[in-house]
Amino acid sequence: MAQKFLSTIFICLFSGLMFSSSYGQFLKKEKIYTLDKNEYVAHEENSLGLYQNELGYVVVTADIKDFSRSYHIKGKKYGPFNRRELSKPVFNYANWGFIDSKDETSYVIYKGKELGIHETPYYPVGLKIKGDAWAYVLINQAEGTTEVVINGKKNGPYTTLLNYHLSDNGKRWAITYSNTPNEHNILFNDGRVAGPYKEVIDFQFLEPNRWVLTAEPKDSPTKILSDGRKVKEIIVETSNGIVGTYEKELLNNSNYDCDNLIARGSNYGLNIIKDQKIYYLANDEMYGPHEALVQQVDMGKRYNRFNFVVGKDRRFYIKGEKGFSSNVEMFAVSDSRKNVAIVKRGSSSKDSLVLNDKYFKGTFDKIAYVKFAANSEEWCLLSKSKDGYYLHFSNREKQGPYNIDDSRGVPQILLGKDSKHWAITYQDAKSKQLKLLVDGQERKEKFIGNIAITKEGDKEYFSWFSLENKTIFLNKLLLQ
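Each residue of the sequence shown is one higher than the last, beginning at 47 in our numbering.
This is how it looks when you write it as structure tokens:
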């Protein structure tokens, strides 16, 4: 059986553009690459992403004859490579890179440059890119040790490497490691070391210049409860110091996992246990106690903007304070956080949608999700009826039914800067064909991968890939 290879494609403007008018919209069709007789794109396994046009493009092709792969980037071919463990390229909005091997020699490629060439027993893995920073792990298979190479500098060696982190802007890094049993430390880019801890449970960078971790202290303290039972303790610590000490287990609830830290932007939060009562700790403040674990946490981009649902009555909370709505099945918050769409499950088969607990938007068959358009207060929801799935929009428009195969979950709709433009991809439950709908029209190209929004200046496009007679095209539909 021919070995399958992951093929990942990232695109920007290139020569060979074709233009056409599609349903009154402007379509740019760009030829990317033509496969030869032994090459193929394993599009059923693709993990595709679209980025700004300064990124360029990458096409990874597999040769079924010699079980190799090649990378086609900005008109240059890298390869062939034949590493057995497949690792996809890594991208952000400005940079790209990958790790692969030719027999016993491994290469780390970053923006077209060979950052590292390693011969056996050295084996590089795990390339990470954030901003202009890059990092990877270099395993010494003969010694059983690891080093972390960050921006060209080696750190280590470490007997046990637990993790390594880059901040979103790439200006900070941290390495969690252990050279002594039951002793974890964290090394930071400024040379400081946090620890030792018996176990680092989780670590996350926060913006602009903070971090947060959960850990079991080195002395592994045990708390004796009022009924005589004993429980291990953990700490929550930030760059400002230890926030508090909490219990590692909820003894009457095996569903509690102390490894539940959520971090986004400048916000963090997690369920914690204090005196065997449930609280929610967010940005150093403790909220509760609650009768059940907090669920459906939504962290905003700005500091101290977060929502969650908790309790038997499924109460909606705003910044840790009891909110205005109960019986909340799910919710969605607009980017501005001015509006929250709340779904309430009724006793019948109908669900209700309420905006800000004031404006009733109607009842629908089972709602799968609600989504706001980026930087907009317009929304769309997906519902499931007996005859298929329907899309409902805030302007009361309705699309469907769609015969969606939901065996692997429901597809997510992609919205432009408002709900006027939308796209969705799904597998048809009967034909098993992959379908692409753009603004209500089914595209006829042989669609592969996924669809994304890309911008060029002040123009916004839906962008997707098609494979036509062994040629890969990028299709960009202008959103007017």
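Note that the Cβ used here is the ideal one computed from N, Cα and C, for glycine as well.
So, are the CB atoms of residue i and residue j less than 7 angstroms apart?
i	j	result
T222	L212	no
A419	D464	yes
E375	R361	no
D109	N84	yes
L81	K516	yes
E262	I280	yes
K120	K522	no
N306	N317	yes
F410	D397	yes
K444	H438	yes
N235	W219	yes
F249	L259	yes
N385	E424	no
Express the C-alpha separation of residue j and residue i in angstroms, rounding to a whole number.
i	j	result
D433	I413	14 angstroms
V154	G495	26 angstroms
T192	G198	15 angstroms
S371	N353	12 angstroms
A475	K481	11 angstroms
N128	V104	18 angstroms
Y97	K217	Bear in mind that the predicted position of Y97 carries a pLDDT of just 36, short of 50, making it too unreliable to give a figure here.
P126	L520	24 angstroms
M345	Y363	12 angstroms
D604	D273	Residue 604 falls outside the range modelled here, since the chain spans only 47 to 526, and no answer is possible.
R351	K244	33 angstroms
K278	E293	6 angstroms
N99	K323	Caution is warranted here: a pLDDT of 40 is assigned to N99, below 50, making its placement in the model unreliable, and no coordinate value can be reported.
K123	E160	14 angstroms
Y302	Y325	12 angstroms
Q526	H467	9 angstroms
F511	R115	20 angstroms
R442	V355	28 angstroms
G202	Y210	12 angstroms
L233	L399	48 angstroms
G401	Y415	First, the residue type needs correcting, since residue 401 is Leu and not Gly in the sequence shown. Roughly 14 angstroms between the two C-alpha positions.
Measuring alpha carbon to alpha carbon, tell me which of the options ends up nearest residue i.
i	options	result
I450	K466, E279, Q479, S440	Q479
V456	L483, L428, S380, N215	L428
K347	N421, Y325, N317, N286	N421
V239	S285, I324, D265	S285
V87	L73, N228, L513	L513
S477	Y448, G462, Q487, H467	Y448
E253	Y349, K466, Y124	Y349
W180	V355, N186, Y156, N201	Y156
E488	G290, Y472, W219	Y472
E331	Q342, I388, G315	G315
R130	R383, V171, L399, V246	V171
Q342	V282, C304, N298, I388	I388
P227	V416, T206, G237	T206
Y168	Q187, L401, G158	Q187
Y333	G408, S380, G366	G366
Which same chain residues end up closer than 8 angstroms to residue i when comparing Cβ atoms and leaving out the 5 residues on each side of it in sequence?
i	result
D359	S372, N373
K111	N84
Y204	T191, T192, E193, V194, I221, Y223, S224, N225
Does at least one heavy atom of the ligand HEM sit under 6 angstroms from the Cβ of residue i?
i	result
V379	Among the components modelled here there is no ligand, and therefore nothing to report on the ligand HEM.
Looking only at its own chain, which residues have a Cβ that is under 6 angstroms from the Cβ of residue i, when we skip the five neighbours before and after it?
i	result
S528	Past the edges of the chain, shown from 47 to 526, lies residue 528, and the structure says nothing about it.
V195	Y182, L184
T166	E150
A469	L460, V484, I497, F508
F72	L524
K320	Y292
A242	First, the residue type needs correcting, since residue 242 is Pro and not Ala in the sequence shown. Same-chain partners within the cutoff: E229, N231, K264.
S453	none
G369	F362, Y363
D403	F370, S371
Q458	none
Looking only at its chain, what residues have a beta carbon closer than 7 angstroms to the beta carbon of residue i, apart from the 5 residues adjacent to it on each side?
i	result
G357	H336, E337, A338
K148	F127, N128
G446	G434, Y435, Y436, L437
Using 7 angstroms as the limit for Cβ to Cβ distance, is residue i near chain C?
i	result
D474	Structure shown: chain C not included; a single protein chain is present.
Quick check: the segment 168-182 against the segment 130-140, are there 3 or more CB pairs under 8 angstroms?
-> yes
Pairs of beta-carbons, one from the segment 262-272 and one from the segment 309-316, closer than 8 angstroms: are there three or more? no
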